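Peer 1:
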Amino acid sequence: MKNNNSRKKTNNTDRTRNVLESKLINEWIKIGMRMPDPKPLYRTIWHQGEVGILFANTGKGKSVLAMQLADSISRERTVSDVYIPAQKVVYCDFELSTKAFQRRYSTAEDSYSFSDMCIRAEIDRNQSLEDKNLTFEELVMSSVKENVNLHQADVLIIDNITYLSATNEKSHEAMALMKLILDLARGRNISILLVAHTPKRDIYSPIQLEDLAGSKALSNFVDFCFCIGESTQGDNVRYIKQLKNRNYPIEYGAENVINCELVKKDCFLQFNSTGYGSEKDHLQSQDDDEKKQKLEELVQAGKTNKVIGNFFDVDERTIRRWRKKWHIS
37 MKNNNSRKKT NNTDRTRNVL ESKLINEWIK IGMRMPDPKP LYRTIWHQGE VGILFANTGK
97 GKSVLAMQLA DSISRERTVS DVYIPAQKVV YCDFELSTKA FQRRYSTAED SYSFSDMCIR
157 AEIDRNQSLE DKNLTFEELV MSSVKENVNL HQADVLIIDN ITYLSATNEK SHEAMALMKL
217 ILDLARGRNI SILLVAHTPK RDIYSPIQLE DLAGSKALSN FVDFCFCIGE STQGDNVRYI
277 KQLKNRNYPI EYGAENVINC ELVKKDCFLQ FNSTGYGSEK DHLQSQDDDE KKQKLEELVQ
337 AGKTNKVIGN FFDVDERTIR RWRKKWHIS
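Residues 37 to 365, numbered by the numbering used here, are exactly what the sequence shown covers, in order.
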């Protein structure tokens, strides 16, 4: 007679697969201590194995800086007294056409010579971007992954993340896109930089994470985030500011931004660092006209920079910058 109270026997094949690995916390610490420390890729902003975002307003040089980083990483170099061998970089360019890229890095007589460790990829316009089995983001990310595997890349730069999803401000869509990116980063153990944009903004306010247009939700998932700001000091003047770093202290915050000039040297458009300063020195003050007028009066009266600085409650260096910015001699 059948026993209704008998229980069905289970075996290992009936259990749900366990994808978690658990150890004592002290064991995890010991394992981590045996691992090599990640080497820096860009100052203290970006390190090996990290995924982050660089953003800026349109036309302010985010693609220029991203390509400059790609070129630097693809060559052996020393960063913060640490030797770093050349690494294979795949740069996915969804911004420039082939001709526009060539014009940016060449003249009529010569062109810049990139390292063979630096690979550029762009959308093949002869291929269909529709697939009944994949979303557009999945199709492009699948192609990105294929190129990473093909070239055995250590570093991936995607320019511009907006191309992949114009609606990724919604958290669930951002999470889906970020999962594809993080899966690639963790699965291949590569470093990834995503380039994004911010809409046109005023030059009175400091840059915040909230300025990351269409990708604010993405910033929740990345290890670091930094930006390029425009400056009132000149058309070719920029500053670089850190906004987030999950693994290291922020070194280049609002009071220690990296001052830069955008220049083309030896056919290579690049950011040339000119020192460090405060973000507020690059921003336009609402009372700048009044300040400029008073500064001109004090200079014409023969006052020294030190005396003028005491009047405005700033140092002499700031007065020199103001005089240069407003062409007051």
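Virtual Cβ for every residue (Gly too), placed ideally from N, Cα, C.
For clarity, every value in this text was computed on a predicted model and none was experimentally measured.
I need the DSSP call for L213, collapsed to helix, strand or coil.
Peer 2: helix
Peer 1: Report the option in I344, G289, V176, T310 whose CA atom is closest to the CA atom of V273.
Peer 2: T310
Peer 1: Measure the C-alpha to C-alpha separation of L319 and E332 and round it to an integer number of angstroms.
Peer 2: 20 Å
Peer 1: On the criterion of 16 or more Cβ atoms from any shown chain inside 10 Å, does S241 qualify as buried, or is it exposed?
Peer 2: An exposed status is given to S241, since fewer than 16 other beta-carbon atoms sit within 10 Å of its beta-carbon.
Peer 1: Taking all protein chains shown into account, do 16 or more other C-beta atoms lie within 10 angstroms of the C-beta of M214, making it buried, or fewer, making it exposed?
Peer 2: buried
Peer 1: Just verifying my parser: in three-state terms, what is the DSSP assignment at G85?
Peer 2: Reduced to three states, the DSSP call for G85 is coil.
Peer 1: Can you tell me whether T203 is helix, strand or coil according to DSSP?
Peer 2: Note on T203: pLDDT 48, under 50, position unreliable in the model; the coordinate value appears next. T203 falls in the coil class under three-state DSSP.
Peer 1: Suppose the cutoff is 8 Å on Cβ atoms and the five residues either side in sequence are ignored; what does the same chain contact list for N225 look like?
Peer 2: G85
Peer 1: What residue from I67, D317, I89, Y199 has the CA that sits closest to R254's CA?
Peer 2: A small correction: the amino acid at residue 254 is Leu; Arg does not occupy that position in the sequence shown. Out of I67, D317, I89, Y199, I89 has the C-alpha closest to the C-alpha of L254.
Peer 1: Thinking Y275 and V299 are a contact (beta carbons under 8 Å), I'd like their distance in whole angstroms, please.
Peer 2: 15 Å between Cβ atoms; not a contact.
Peer 1: Terminal residues of the continuous beta strand (DSSP E) containing I155?
Peer 2: 154-157
Peer 1: Looking at the secondary structure, which residues open and close the beta strand (DSSP E) in which L298 lies?
Peer 2: 293-301
Peer 1: With distance defined between alpha-carbon atoms, name the residue in V184, E266, D271 nearest to K389.
Peer 2: No statement about residue 389 is possible, as the shown extent of the chain runs from 37 to 365 and does not include it.
Peer 1: Measure from the alpha carbon of F257 to the alpha carbon of each residue in D219, G223, E174, then state which is nearest.
Peer 2: D219
Peer 1: Applying the 10 Å Cβ sphere with the 16-neighbour rule, what's the burial state of H83?
Peer 2: Result: buried.
Peer 1: Taking all protein chains shown into account, decide if L170 is buried (16 or more other Cβ within 10 angstroms of its Cβ) or exposed.
Peer 2: exposed
Peer 1: Under 8 Å by Cβ, that's how I've got A122 and S110 pegged, so tell me the actual separation to the nearest angstrom.
Peer 2: The pair is a contact, with the Cβ atoms about 6 Å apart (cut-off 8 Å).
Peer 1: Using 8 Å as the Cβ pair cut-off and three pairs as the minimum, do the region 101-120 and the region 70-84 touch?
Peer 2: yes
Peer 1: Starting from G311, trace the beta strand (DSSP E) in both directions and tell me its first and last residue.
Peer 2: 304-313
Peer 1: Count the other CB atoms within 10 Å of the CB of S147; is the residue buried (16 or more) or exposed (fewer)?
Peer 2: exposed
Peer 1: Across which residues does DSSP place D195 in a beta bridge pair?
Peer 2: When DSSP reads this structure, D195 sits in a beta bridge with D129, V231.
Peer 1: With a CB to CB cut of under 7 Å and the five nearest residues on each side skipped, what residues in its chain are close to C303?
Peer 2: Y141, S142, T143, D146, S147, Y148
Peer 1: If I follow the unbroken alpha helix (DSSP H) through G68, where does it start and stop?
Peer 2: Unbroken alpha helix (DSSP H) run through G68: 61-70.
Peer 1: Check this for me: beta carbons of H233 and T268, under 7 Å apart or not?
Peer 2: no
Peer 1: Is it right to say V87 is buried, meaning 16 or more other beta carbons lie within 10 angstroms of its own, or is it exposed?
Peer 2: buried
Peer 1: Does the distance from the C-beta atom of L175 to that of I228 stay below 7 Å?
Peer 2: No; because the gap between Cβ atoms is not below 7 Å, this pair is not in contact.
Peer 1: Can you tell me which residues form a DSSP beta bridge with L248?
Peer 2: Answer by DSSP bridge pairing: none, since L248 is not bridged.
Peer 1: What's the call for W358, buried or exposed, on a 16-neighbour Cβ count within 10 Å?
Peer 2: Buried, since its Cβ has 16 or more Cβ neighbours within 10 Å.
Peer 1: Under the rule that 16 or more other beta-carbon atoms within 10 Å means buried, what is I65, buried or exposed?
Peer 2: exposed
Peer 1: Could you give the DSSP three-state label for D150: helix, strand or coil?
Peer 2: In the sequence as presented, Asp is not what sits at residue 150; that position holds Phe. Note: F150 maps to coil in three-state DSSP.
Peer 1: Tell me whether T46 is buried or exposed, calling it buried when 16 or more other Cβ atoms sit within 10 Å of its Cβ.
Peer 2: Caution applies to T46, whose pLDDT of 49 falls short of 50 and renders its modelled position unreliable; the value that the coordinates give is listed next. The residue in question, T46, is exposed, as its Cβ has fewer than 16 Cβ neighbours within 10 Å.
Peer 1: In whole angstroms, what is the alpha-carbon distance linking E112 and A189?
Peer 2: 15 Å
Peer 1: Does the Cβ of I67 have 16 or more other Cβ atoms within 10 Å, making it buried, or fewer, making it exposed?
Peer 2: Classified as exposed, I67 has fewer than 16 neighbouring CB atoms from the shown chains inside 10 Å of its CB.
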